[in-house]
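Peer 1: Protein chains in written order, with our numbering: chain A, 21 to 188; chain B, 122 to 277; chain C, 63 to 431. Beta carbons are placed, not taken as given, at the ideal position from N, Cα and C, and that holds for glycine. On a predicted model such as this, the values are computed, not experimentally measured, just so you know. Sharing a structure, written as structure tokens. Questions coming.
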Amino acid sequence: MGLIKKLPVYLEKFPGGGIVTTSLDYVFSQSQASSLWYLLFGTACCAIELMATGASRYDFDRLGMIFRASPRQSDLIIAAGTITKKMAPRLRLLYDQMAEPRYVIAMGGCTVKGGPFYYDSYAVEKGINHIVPVDVYIPGCPPRPESLLEGCLTLQKKIKKLKIGDWS
Amino acid sequence: MNRDDLIKYLLENHPGKIELLDTGKVEPFFALNKEYLLEFCRSIKTDDILAMDFLCNIAAVDTGEKLEVVYSVASAKNRIRFDFKVVMPYEEAEVESVQTVWAGANWHEREIWELFGINVRNHDNLTRFLLPDDWNQGNPMRKNWDAPDFIRMPEL
Amino acid sequence: MTQGLRTEEFLVNMGPHHPSTHGVCRFLLTMDGEVVVKAVPYIGYLHRAIEKICENRTYAQCIPIIDRFEYCTSMSCELAFCLATEKLAGIKVPERAEYLRIIMVELNRIASHLIWFGTTSLDLGAITPFLYGFREREDILDLYEMTCGQRLTYNYIRVGGVSRDIPSDFIPKTKAFLEKFPEKVEDYVRLLNENPIWMVRNQKVGVMSAELALSYGVSGPALRASGVKFDIRRDDPYSIYDRFDFEIPTGTNGDCYDRYLVRLEEMRQSAKIVKQAIEQMPEGEIKTKVPTNFKPPKGEVYSRIENSRGEMGVYIQSAGDSKKPLRLKLRGGSFNQLQVMPEIVKGGKIADLVAVMASMDIIMPEVDR
């Protein structure tokens with residue numbers, strides 16, 4: 021990681037080096053955004069909508085996203101479903117096992133701030149903000165597949181603005 | 122067997138141990154004496170006319186004054202269904218396990234032990250079940266339970 | 063060859079996050095090579111305390127929460143709760159509302175079996191049935207969206223009836239769906255029934271005898287595949303099921319293949335019920351008037367319905383002077399089916415555990431609540 025971060029600094033010392041770094045930024049961020057592979061992490065109702073978004077009518081594959089079963093092979097967690105106090109350490113473990121650059125989408129009301137289980141529940145984590153750093157929030161209970169696609173496109177827009185040194 | 126025949130049959134065969142409550146709608150609801158729980162369950166399962174071989178549900182209730190454990194049973198062959206409950210004060214929160222009669226009672230009883238604090242005698246595996254492994258805040262389904270991060274919904 | 067070798071048993075953790083565990087369920091397996099010696103399930107990763115929440119909500123406010131108890135068949139959950147409340151308070155539901163409820167619940171049964179079909183084949187390695195099943199399901203979700211605006215958790219069935227009437231487009235579109243549905247089921251049959259890989263992975267795997275199933279409280283298609291012809295819609299009828307003509311499929315061996323065949327046949331029978339209900343439905347009101355401060359009298363009731371995963375039961379106790387239930391206990395079919403799983407996977411291979419879990423159709427919120 022250290023060499024990648026120092027690369028733009030070295031390149032800019034050469035004449036015309038600025039053009040090379042901008043083109044490299046462009047190539048890397050475009051290729052990253054166009055092929056995000058997401059981890060199959062669905063606990064509750066939003067998992068069914070996640071599966072429906074990956075199925076025939078609303079297709080995830082046209083955005084370049086396919087599901088992977090292992091965190092080592094993915095670079096996006098779509099946390100779909102309620103996270104309880106018993107499950108929270110496992111989510112953190114999965115996030116730690118992913119290789120950088122990695123992103124998190126919080127899908128559904130339960131991951132934003134507890135959802136319908138905010139009041140009167142003794143076992144629900146009210147939001148996943150304090151467990152993993154979240155990039156995009158998608159509200160809804162459950163959010164429609166179009167909302168989920170919009171959230172993924174927002175994440176792609178966010179990634180395309182990143183430069184090489186910003187990854188982590 | 123219709124409702125009145127069922128009530129008559131049960132009250133005749135188990136005199137003194139069981140009484141009919143008036144809180145049950147449609148299906149009859151009985152209150153059972155706690156000491157005869159295991160014996161009653163065995164007899165309704167092996168009885169030829171009743172043959173209650175299917176345990177639907179075990180629920181524990183905290184009414185604010187006492188604890189109750191409600192058993193709902195059914196028969197797959199004879200189309201009969203009724204419920205009965207055992208009542209106990211808070212100090213004697215203990216009940217006998219019926220897992221030797223219906224094997225499916227095992228997990229139901231583990232749940233009432235964990236969430237209500239009702240001890241179950243002769244159960245083979247009373248361990249942590251639904252709550253996190255390091256839970257140390259008591260029995261959450263009791264009416265007088267509270268915790269710092271438990272937010273109650275405000276009255277509208 | 064293994065006679066001189068010293069073998070040891072080892073522990074494998076099939077963790078809460080696993081693509082085939084249908085939710086978050088953890089198994090601690092003691093293995094001897096590839097053979098499972100002992101399997102211990104650990105649950106509670108989705109325990110959201112629905113029963114505690116419902117003790118602080120009025121009866122109408124409980125319905126969106128109970129929707130999320132078993133989200134694949136939300137209409138059935140709402141129906142179970144509303145039937146129990148109406149039994150407690152003695153409320154009569156108008157005719158048109160009864161028919162609408164039956165149509166919605168049976169369509170929901172088909173949708174839930176399509177989810178089961180898709181995820182089971184995905185677990186065993188076949189990806190095409192997943193896409194086919196979800197394609198059919200989208201048609202049913204279009205019908206729901208037309209009526210109540212939601213695709214997954216509906217908040218449609220209320221105490222005393224249903225919340226709104228169907229639009230004028232509903233019946234023609236349902237009839238069109240029911241026209242083409244049987245040939246889609248024939249597609250599935252042609253894909254999988256005689257497929258040698260499917261048959262080898264499912265026949266004689268996870269055999270459950272009828273006595274074992276009854277003593278553990280297993281119900282629904284898993285019980286019927288073991289040979290016990292017990293269906294609550296026929297044997298303990300609720301609502302207006304006694305007016306419809308449908309068959310109850312049963313199996314003989316109690317293995318995964320029989321459970322698969324029973325569920326495929328149930329999809330066809332549900333389509334038959336919806337057709338009859340559309341023809342018989344009268345005009346009229348859709349909801350009895352229930353007071354805003356609805357306080358049912360003192361009493362307790364346990365009412366049960368036949369869900370696509372077994373028996374779903376609701377126990378309500380009401381104190382008599384309050385708008386909120388004193389105690390609400392939910393019972394799902396998957397709870398008992400997960401309890402019987404360690405008995406039937408002993409001695410099989412670990413890949414068979416995946417096949418058994420998929421064929422029992424367990425989803426975790428019913429177990430954990």
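Rounding to the nearest angstrom, what Cα-Cα distance links L73 (chain C) and N227 (chain B) in this structure?
Peer 2: Approximately 24 Å, taken between the alpha carbons.
Peer 1: Starting from the Cα of I115 (chain C), find the closest Cα among C:L274, C:L214, C:R295, C:K386 and give me that residue.
Peer 2: The shortest C-alpha separation from I115 (chain C) is found at C:K386.
Peer 1: Is the CB-CB distance between A67 (chain A) and F196 (chain C) below 9 Å?
Peer 2: No, the pair does not count as a contact, with Cβ atoms beyond the cut-off.
Peer 1: Taking buried to mean at least 16 other C-beta atoms within 10 Å of its own C-beta, is Y271 (chain A) buried or exposed?
Peer 2: A query on residue 271 (chain A) cannot be resolved here, the shown segment of chain A reaching from 21 to 188 and no further.
Peer 1: Of all the residues that make up the stretch 124-135 of chain C, which are near chain A by a beta-carbon distance shorter than 9 Å?
Peer 2: Listed by position along the chain: P126, I127, D129, R130, Y133, C134.
Peer 1: Is the beta carbon of I98 (chain A) less than 9 Å from the beta carbon of Y58 (chain A)?
Peer 2: Cβ distance < 9 Å, so I98 (chain A) and Y58 (chain A) count as in contact.
Peer 1: Flag Y115 (chain A) as yes if its beta-carbon sits less than 9 Å from any beta-carbon of chain E, otherwise no.
Peer 2: No chain E is present in this structure, whose protein chains are A, B and C.
Peer 1: I need the straight-line Cα distance from I233 (chain C) to D227 (chain C), nearest angstrom please.
Peer 2: Those two C-alpha atoms are separated by around 12 Å.
Peer 1: For C177 (chain B), report the span of its beta strand (DSSP E) as first-last.
Peer 2: It spans 175-183 - the beta strand (DSSP E) in which C177 (chain B) sits, taken as one unbroken run.
Peer 1: Take P51 (chain C) and list the residues in its own chain whose beta-carbon comes closer than 8 Å to its own, dropping the five residues that flank it on each side.
Peer 2: Residue numbering for chain C in the displayed model covers 63 to 431; residue 51 (chain C) lies beyond these limits and cannot be assessed.
Peer 1: At a CB distance below 7 Å, what residues from the stretch 101-122 of chain C approach chain A? Give them in sequence order.
Peer 2: Result list: G106, Y107, L108, H109, R110, A111, K114, I115, N118.
Peer 1: Grab me the residues of R88 (chain A)'s own chain with a C-beta within less than 8 Å of its C-beta, minus the 5 sequence neighbours each way, in chain order.
Peer 2: Cβ within range, chain order: W57, Y58, L59, L60, S94.
Peer 1: So is T42 (chain A) buried or exposed if we call it buried at 16+ other beta carbons inside 10 Å?
Peer 2: When all chains shown are included, T42 (chain A) counts as exposed.
Peer 1: Would a C-beta distance cut-off of 9 Å place E373 (chain C) and Y278 (chain C) closer than the cut-off?
Peer 2: Contact: no.
Peer 1: Can you list, in chain order, the residues of the stretch 275-287 of chain C whose Cβ is nearer than 9 Å to any Cβ on chain B?
Peer 2: Within the stretch 275-287 of chain C, the qualifying residues are L276, S277, Y278, G279, V280, S281, L285.
Peer 1: Going residue by residue through the stretch 91-178 of chain C, where are the continuous alpha helix (DSSP H) segments of at least 4 residues, counting only ones entirely within it?
Peer 2: The qualifying runs are 112-116, 121-129, 136-151.
Peer 1: Are the CB atoms of L252 (chain B) and E230 (chain B) nearer to each other than 9 Å?
Peer 2: Contact: no.
Peer 1: Just reading off the beta strand (DSSP E) that S193 (chain B) is part of, what are its end residues?
Peer 2: Taken as a continuous stretch (DSSP letters only), the beta strand (DSSP E) holding S193 (chain B) covers 188-195.
Peer 1: Can you look up G16 (chain A) in the DSSP assignment and give me helix, strand or coil?
Peer 2: The question about residue 16 (chain A) has no answer, for chain A in this structure spans 21 to 188.
Peer 1: I want to see whether chain C comes within less than 9 Å of M71 (chain A), judged by CB atoms only; does it?
Peer 2: So, interface residue.
Peer 1: Within a Cβ cutoff of 7 Å, which residues of the same chain sit near R263 (chain C), ignoring the five residues on either side of it in sequence?
Peer 2: Taken in chain order, the residues that qualify are L186, A417.
Peer 1: Tell me which same chain residues have a C-beta within less than 6 Å of the C-beta of V182 (chain B), skipping the five on either side of it?
Peer 2: E189, listed in sequence order.
Peer 1: State the start and end residues of the unbroken beta strand (DSSP E) segment that holds S365 (chain C).
Peer 2: Residues 361-369.
Peer 1: Answer yes or no: do T236 (chain C) and I340 (chain C) have a C-beta to C-beta separation smaller than 9 Å?
Peer 2: Yes, the pair counts as a contact, with Cβ atoms nearer than the cut-off.
Peer 1: Specify the secondary structure class of V267 (chain C) as computed by DSSP and reduced to three states.
Peer 2: DSSP places V267 (chain C) in coil when its eight states are reduced to three.
Peer 1: What are the start and end residues of the alpha helix (DSSP H) that includes G375 (chain C)?
Peer 2: Segment 372-380 is the beta strand (DSSP E) holding G375 (chain C); no alpha helix (DSSP H) there.
Peer 1: On the CB-based measure, 16 or more other CB atoms within 10 Å of its CB, does Y211 (chain B) come out buried or exposed?
Peer 2: By the 10 Å Cβ count, Y211 (chain B) comes out exposed.
Peer 1: Using beta-carbon positions only, say whether Y121 (chain C) and V221 (chain C) come within less than 9 Å of one another.
Peer 2: Contact flag set, yes.
Peer 1: Please list, in chain order, all residues of the same chain as F250 (chain B) whose beta carbon is under 7 Å from its beta carbon, the five residues on each side excluded.
Peer 2: The residues are R231, E232, E235.
Peer 1: Whole angstroms is fine: what's the gap from I105 (chain C)'s alpha carbon to S230 (chain C)'s?
Peer 2: Rounded to the nearest angstrom, the two C-alpha atoms are 45 Å apart.
Peer 1: So which residues on chain A does N205 (chain B) lean against when the C-beta distance must stay under 9 Å?
Peer 2: Reading off the sequence, residue 205 (chain B) comes out as Phe, not Asn. What F205 (chain B) touches in chain A: nothing, since even the nearest Cβ is about 30 Å away.
Peer 1: Only counting the same chain, and skipping five residues up and downstream in sequence, which positions put a Cβ closer than 7 Å to that of V208 (chain B)?
Peer 2: Contacts found: A152, K187, E189.
Peer 1: Against L89 (chain A), what residues of chain C qualify as contacts under a CB-to-CB distance less than 7 Å, listed in chain order?
Peer 2: Per the sequence presented here, residue 89 (chain A) reads as Ala, with Leu not at that position. The contacting residues are P81.
Peer 1: With a floor of 3 residues, list each beta strand (DSSP E) that falls wholly inside the stretch 189-245 of chain B, ordered by position along the chain.
Peer 2: DSSP runs (the beta strand (DSSP E)) wholly in the stretch 189-245 of chain B: 202-209, 215-217, 240-242.
Peer 1: Taking C-beta pairs closer than 9 Å, name the residues in chain A that A268 (chain B) reaches, listed in chain order.
Peer 2: Those are Y142, listed as they occur along chain A.
Peer 1: Give the single residue among C:A101, C:S183, C:G77, C:Q212 whose Cα lies nearest to the Cα of C65 (chain A).
Peer 2: Among C:A101, C:S183, C:G77, C:Q212, the Cα nearest to that of C65 (chain A) belongs to C:Q212.
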